[in-house]
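J.:
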Amino acid sequence: MRREPSSQFRRRSRVRTAATAAIGLAGFSTGLLFGATTFQAAYVNSASGPASGGTAVQIVGNQFLPGASVTVGGIFAGGTVRSGTLITASMPGRPAGTLSDVVVTNADEAVATLPLAWFSDFNDVSQANPFHGPVERMVRDGITAGCTGGNYCPDSPITRSQMAVFLLRAKHGGSYVPPPASGTIFFDVHVTDFASDWIEQLYAEGVTGGCAPPSPEHGNLPLYCPNDSVTRGQMAVFLLKVYHGVGYAPPPATGVFADVDPFTNIFAAWIEELARLQVTVGCGGGLYCPDASVTRGQMAVFMAKSFHRPEASRFLEQASFGPDDGGISGVLGRGYLGWLADQYSAPVSSYPGQPMWPDDIPDSCDDACRLQNYSLYPLQTRFYKNALYNSDQLRQRVSWALHKLVVVSGDSIAYPAQLQPYLHILDVNAFGNYRNLLYQVTLNPAMGEFLNMDTSTKYDPNENYAREILQLFSIGTEKLNLDGTTQNDGQGKPMPSYDQSVIDQFKRVYTGWYIPDISCPPPNGSADCADWVSPMAYDPDYHDTDQKVLFGGFLPNPTTLPPDQTGDQDLNGAIDATFNHPNVGPYLARELIHSLVTSNPSPAYVERVASFFNDDGSGVRGNLWAVIKAIVLDPEARTEPSDPIYGHLREPILYATNLLRAFHAVSADGTQQSDGHINHYVRDLGQSVFRPPTVFSYFPQAYIAPPASAGVLGPEFAIMNANTSLKRANWVNDMVFWGGIAADPDDDSPLGTSIDMSELQALAGNPAELVDRLSRLLMHGTMSDALRGSIVAAVNAVDGGDPFGRAQQALYLVTVSSQYQIER
Amino acid sequence: MAHSRRDFLRRTTCAALSAAAAQATLRRLGLMNLYATTAASDYRALVCIFLDGGNDSNNLIVPTDATHYNEYLAARPISSGIGLDASSLLQIGTPPIFNGTGRTFGFHPNLSEMQSLYTQNKLAVVCNVGPLVEPLTQDDYVNGTKPTPYSLFSHSDQIDCWQTSQASLRIPTGWGGRIADATAGCNSASSFPTITSISGSATFCVGIETTPLAIDTGALNEILVLNGFNGSSADDARKSAMDFARTIDRTAVLMAAASDVTQQAVDISAALDVDPTINTVFPDTDLGQQLLQVAKIIKLNQTSLNLSRQIFYVETGGYDTHQDQASDQGNNFLDLSQALGAFYAALVELGVQNNVAAFTHSDFGRTLEPSGDPGSVGTDHGWGNHQLVLGGSVNGGNFYGTAGQNGSIFPTLVMGGISDTSPDDRGRWIPTSAVEQYGATLANWFGVAPGDLATVFPLIGNFATTDLGFMGTAGSSC
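Keeping their order, the protein sequence lines are chains G and X.
Just so we're aligned, residue -3 is where the first sequence starts under my numbering, counting upward by one.
Just so we're aligned, residue 126 is where the second sequence starts under my numbering, counting upward by one.
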């Protein structure tokens, strides 16, 4: 039996060599550069469950063969191979509170191991327990194995000795072993005591000085009080000293919690810093309960929210419009799966439904009226407000990705009442089924107008929509493998997925539909309006009822639409034929990965995601929720990348929202929410919300980042040039140095937009700490030493008496750096 | 330099340049003197005008002799909504190439500046150009016996075919960029980029070595400005940290790309320190202002940039006329004609009308057959298309191209006729001249050495001639 290397996620190096990147020799979008995917196990979906066993899980990987089987901790777990990328298995019983290897043995006896992938729940921390996610995290980090008898004892107070173990393992890693204790540090800690090594090491590292100072009756040694509980006030100090380093001193307290006096409570500054980081929101009612003991369950939450902030921040770069401290703590408190479940059910952000107005602007419509009814202002401002303030971040991010793919441009569909129903379709279907989205968007009047399906008749069928729904919304121009690489013919040339003859069939399907006129609602009751809200209307007299054969010559089983069908029957047949085309999964997977995670995913990653499009695990095709989860949970999204071509340039809108969200964007005067009037700034960076220049969106899918000789895909670089690169820096300059966007009613900015840098100012006394804070929040802790050193030096060049100036200096330099602009 | 630029180009297209080596080369070029003041004696510039969406050239140039106008009218009756009335066409008589045939032509009624420049022999029409892998007959196409461009009739793909000139496979470089690579030796006195785009980072402008400069319209000394540095010691420290940050962390390919783009902006910002005055009045339209910006860069080059070869790229949209073609294309043509008229006048003002050639390209032509309601009629995606070339060195006042199966350089305006892709088609012309030939003709004039032509246009060997004859004497390759 061949033993595979036991790395959790093995990926072939995809560093391109000069030979493979040769311009004009190898097609850069073909599979030639990558080769086929290889057998591997990538991850276990929902990787924990009751110790008694019986949990159904999905094991996701590549090149699973029928007959492959699974063992968990050496125990046979069966396994049903649903596809080359998915095995379902029922977890066996395993000792409570332990981790077990999950091993897939392929039908050819090749073996892939996911080390310690399965967590068997503690008996006293079930899946429903609010501490489950953080406790599981502690076990996976190697910090705890529980208390006794397969339990974690979440409600027991944590002792100071247990805390020493937890903190040092969190700081140094789960396998850390401290040097042996001497027994000469604390009067009440002897070498044979539980955790004596850990306690003395905590002392050696300067985190603790003990619970009582040296005294003659204790042999002139301090006390540690190893069996005492830890108060919430004390814990704030311990956590922050480990998190920031022992030299850290928090900014002065100002009075955040009613029961923590900023002047008399010695822990006040620490507690408030913990609150600023959103590691805690207190114990309720505006209180912190500083004297209450910390339980082991609470400790797990404190630990997760303190020590995993960078990875949660990175997750939110992909799954939201930008991380902020509250969002990071939200992810860490719930775990990825819990957070995703919350996102699924979060209230759907909406766009204001606008009353219809006539095409010809009535004389009575003044400037304010025009702004609301004849410009995209209401939609663009709402876009930014939704992105900045609403809780359904993932849905909005996906909806934005879908808009970039299934384009209607406000350049042509320029009135808000016309565009809003289209946006609504994207929002409500973002986690729904792609077939519904395709159907609804096809009959959407804005799309009908934009791509000319409106009034296309059997006499003069217009082929525009027939072409673009195939090329851009579903299958692309070339036959794809499941992993997104192009299928080539014998000469190495990509095989087309359709040609003009296919379009000529499809275009006859999309005939007979039109946008009907209706009476305008008040105050324009006497004028004619078009109905942009209802799906397009159908007139059978203009529908081509001859037979259509779809994908003839391009698929082994073309779809025949028989003669004399109604327009809707034909439409459903055509949407089904399109939706079921084997290209849709890999095409959509590739484009959504580009938008959410990286411009250069491995084919294996694309394949794993595309497979979830084809079958969500329960036999449903087109389930976008399954696709989105597969994108953000995949190891290629979750593991810090080493591949030099990984990542993507933050497109202007994300560049803007990430900065605004991280620093709690508010109105110009800081008293309320921003008015969302931000697009007039960001459009100078090359991206105007809802106004892509053409149906090819804001930037072309296949754009190569400079230099072309490197052959690395970077679609966002199509709008990153000399002109826009400086405007990106100037946008940061305006936000950071000039107070943001001023409130100016004459400029349609009733409230304006600014960011809150007070927390950075508070760190200005320690430039290194200030820069590290920015690295953790904005760059998930990946800032290089060279960049860090140079920014710290520049911050030091600002007078220490000007903390605001130092905060500005640091924030500007981090956000204009290429390290930040490329999200990895 | 140790080897000629041409050798460099040849080597790098065979075994692609590593990213690191390309960076090193770019940096080396960046060391050259930005402030040399002697203008090159032999200045040549190309201006690419991209008509985004697929221009319907069947209404750009219309036959006006009775026989051929009637063919046109049969396919596009006035009642269709897009048939042009003979009396409205701007007559240009018989192009010399058609002498003795009795054929006459006219421009769309909104192209009065084009008519005027044509009659002054400053404007040429190149007929039925489009992406081709090799020459193609209707039978070849119908029977699938010869390779055809990938993804015909698709906007994005046909734009790629046009801008890369390679209809056989996808490549990331454009022929403008490769021409710049091949003539970089002409510009060794300057570090200003050979290519300036006034409309983003189009593929046309991307070479193996060449990265285009993309700028906006507006005052030249105000378009590439980094705000917020006012000379305080804190500002200086910030600027220095910002500059330093672009030199580190270059292992991640996209980070290096972002740094290089910004570095170029910072470098160029210093060179664009004045806003030259152009007295010619340009239309206050997007295209007009883009061409004004080109004129200003040319003027700046005369005083400070010191390039002897330049390529410009401008873009104007709205040509995808599936609906409402009569009004939309009419407005587009009015803008195009007035903007190009002003641009030529500005070239005369600068004394460089014989040194600059402007040329059009578009996604594709459009179906001869109208589609949609007469009230909102338009046309669908086609293939071969007529192009305009403007300049004092253009052999203007004539039509150019390659004779097709109909024996003429001009397609037969009959749906399903011999110029069509098949007897069942709707008036989509199989091109009779390839994009590669169109480009090579311009490249010859620009100064690409004959030996480099096959590197810049890899398929050029598949066609009978590398020069369609519409340009004057070939330039020096430096």
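Virtual Cβ for every residue (Gly too), placed ideally from N, Cα, C.
Could you check whether the Cβ of arginine 7/G sits closer than 8 Å to any Cβ belonging to chain X?
T.: Model confidence at arginine 7/G stands at a pLDDT of 30, short of 50, so the residue's coordinates are unreliable and nothing is read from them.
J.: Could you name the residues of the region 755 to 788 of chain G whose beta carbon sits closer than 8 Å to any beta carbon of chain X, in the order they occur along the chain?
T.: Here the close residues are Ser780, Ala782, Leu783, Ser786 and Ile787.
J.: With burial defined as no fewer than 16 other Cβ atoms inside 10 Å of the residue's Cβ, what is the status of glycine 155/X: buried or exposed?
T.: With a pLDDT of 35 at glycine 155/X, under the threshold of 50, the modelled position of that residue is not reliable, and no figure is offered here.
J.: Would phenylalanine 582/X pass as an interface residue toward chain G - the criterion being a Cβ-Cβ separation below 8 Å?
T.: It does not: the Cβ of phenylalanine 582/X has no partner Cβ on chain G nearer than 8 Å.
J.: Using a Cβ-Cβ cutoff of less than 6 Å, which residues in the same chain neighbour serine 96/G once the five nearest sequence positions on both sides are dropped?
T.: Contacts found: Val68, Gly69, Arg90 and Trp114.
J.: Report the residue from Val502/X, Arg491/X and Asp505/X whose alpha carbon sits nearest the alpha carbon of histidine 511/X.
T.: Looking at the Cα atoms, Arg491/X is the closest of the given residues.
J.: State the Cα-Cα distance for the pair proline 222/G and arginine 228/G, rounded to the nearest angstrom.
T.: Looking at the two C-alpha atoms, the distance is approximately 16 Å.
J.: By how many angstroms is the C-alpha of phenylalanine 162/G removed from the C-alpha of valine 121/G?
T.: Computed Cα separation, rounded: 18 Å.
J.: Residues of chain G with CB under 7 Å from histidine 447/X, in chain order?
T.: The contacting residues are Asn448, Asn458 and Asn460.
J.: Suppose only complete runs of 4+ residues qualify. What are the alpha helix (DSSP H) ranges in the region 407 to 494 of chain G, listed by chain order?
T.: Counting whole runs of 4 or more residues, the region 407 to 494 of chain G contains the alpha helix (DSSP H) stretches 412 to 425, 430 to 438, 441 to 446 and 460 to 467.
J.: For a contact meaning CB atoms closer than 9 Å, what does threonine 451/G contact in chain B?
T.: Included in the structure are the protein chains G and X, with no chain B among them.
J.: Provide the residue span of the beta strand (DSSP E) that contains alanine 52/G, from first to last.
T.: That run of the beta strand (DSSP E) goes 52 to 58.
J.: Can you tell me whether DSSP reads leucine 766/G as helix, strand or coil?
T.: The answer is helix: DSSP assigns leucine 766/G an H, G or I state.
J.: Let's see if you can read the secondary structure: which residues bound the alpha helix (DSSP H) around alanine 337/G?
T.: That run of the alpha helix (DSSP H) goes 321 to 341.
J.: Quick check on DSSP: helix, strand or coil for alanine 633/G?
T.: Alanine 633/G falls in the helix class under three-state DSSP.
J.: Say whether chain G places a C-beta atom closer than 8 Å to the C-beta of glycine 353/X.
T.: Yes, glycine 353/X counts as interfacial toward chain G.
J.: Return the first residue and the last residue of the beta strand (DSSP E) that asparagine 610/G is part of.
T.: Here asparagine 610/G belongs to no beta strand (DSSP E); instead the alpha helix (DSSP H) covers 599 to 610.
J.: Quick one: measure Cβ to Cβ for leucine 270/G and leucine 236/G, integer angstroms, because I've assumed they're closer than 8 Å.
T.: With a Cβ gap of about 7 Å, leucine 270/G and leucine 236/G count as contacting.
J.: Contact check, glycine 516/X vs aspartate 449/X under 8 Å by CB: the rounded distance?
T.: That belief does not hold up - the Cβ atoms of glycine 516/X and aspartate 449/X are roughly 33 Å apart, past 8 Å.
J.: Between alanine 790/G and glutamine 805/G, is the Cβ-Cβ spacing less than 8 Å?
T.: Their beta carbons are under 8 Å apart, which means alanine 790/G touches glutamine 805/G by this criterion.
J.: Suppose contacts are defined by Cβ-Cβ distances below 8 Å. Is alanine 706/G in contact with valine 386/X by that definition?
T.: Not in contact: alanine 706/G and valine 386/X (Cβ atoms no closer than 8 Å).
J.: Just to confirm the assignment, what range does the alpha helix (DSSP H) spanning proline 218/G have?
T.: Unbroken run through proline 218/G is the beta strand (DSSP E), 217 to 219; no alpha helix (DSSP H).
J.: Cβ of leucine 600/X within 8 Å of Cβ of tryptophan 570/X?
T.: Note that residue 600/X is glycine in the sequence shown here, rather than leucine. Taking 8 Å as the Cβ cut-off, glycine 600/X and tryptophan 570/X qualify as a contacting pair.
J.: Should valine 77/G be labelled buried (16 or more other beta-carbon atoms within 10 Å of its own) or exposed?
T.: Buried: at least 16 other Cβ atoms inside 10 Å.
J.: With a cut-off of 8 Å on the beta carbons, I'd call isoleucine 585/X and alanine 565/X a contact; round off their distance for me.
T.: The Cβ separation is near 5 Å, so the contact holds.
J.: Which one of Ala232/G, Glu196/G, Pro246/G and Val40/G has the shortest CA to CA distance from leucine 766/G?
T.: Comparing Cα positions, the closest option is Pro246/G.
J.: Check whether the region 346 to 362 of chain G touches the region 410 to 420 of chain G, counting contact only when three or more Cβ pairs, one atom from each stretch, lie closer than 8 Å.
T.: The region 346 to 362 of chain G vs the region 410 to 420 of chain G: in contact.
J.: Which one of Leu809/G, Glu755/G and Asn762/G has the shortest CA to CA distance from glutamate 268/G?
T.: The residue with the shortest Cα to Cα distance from glutamate 268/G is Glu755/G.
J.: Is there a C-beta anywhere in chain X that falls below 8 Å from the one on glutamine 805/G?
T.: Closer than 8 Å to some Cβ of chain X, the Cβ of glutamine 805/G qualifies, so yes.
J.: Taking its Cβ as the centre, do 16 or more other Cβ atoms sit within 10 Å of histidine 186/G, making it buried, or is it exposed?
T.: It is exposed - the Cβ of histidine 186/G has fewer than 16 other Cβ atoms within 10 Å.
J.: Using a C-beta to C-beta distance shorter than 9 Å, which residues of chain G count as neighbours of tyrosine 275/X?
T.: Residues of chain G passing the Cβ test: Thr473, Glu474, Lys489, Pro490 and Pro492.
J.: How would you call threonine 180/G, buried or exposed, if buried means at least 16 neighbouring beta carbons within 10 angstroms?
T.: By the 10 Å Cβ count, threonine 180/G comes out exposed.
J.: If you draw a straight line from the alpha carbon of tryptophan 508/X to that of glutamine 478/X, how long is it in whole angstroms?
T.: Their backbone Cα atoms lie some 31 Å apart in a straight line.
J.: For chain X, is any of its Cβ atoms less than 8 Å away from the one on proline 552/G?
T.: No, because no Cβ of chain X sits closer than 8 Å to the Cβ of proline 552/G.
J.: Cα-Cα, which of Asp392/X, Asp190/X and Asp445/X is closest to leucine 430/X?
T.: Closest option to leucine 430/X, Cα to Cα, is Asp392/X.
J.: Using a beta-carbon distance below 8 Å, is glutamine 496/G in contact with chain X?
T.: Yes, its Cβ sits closer than 8 Å to a Cβ of chain X.
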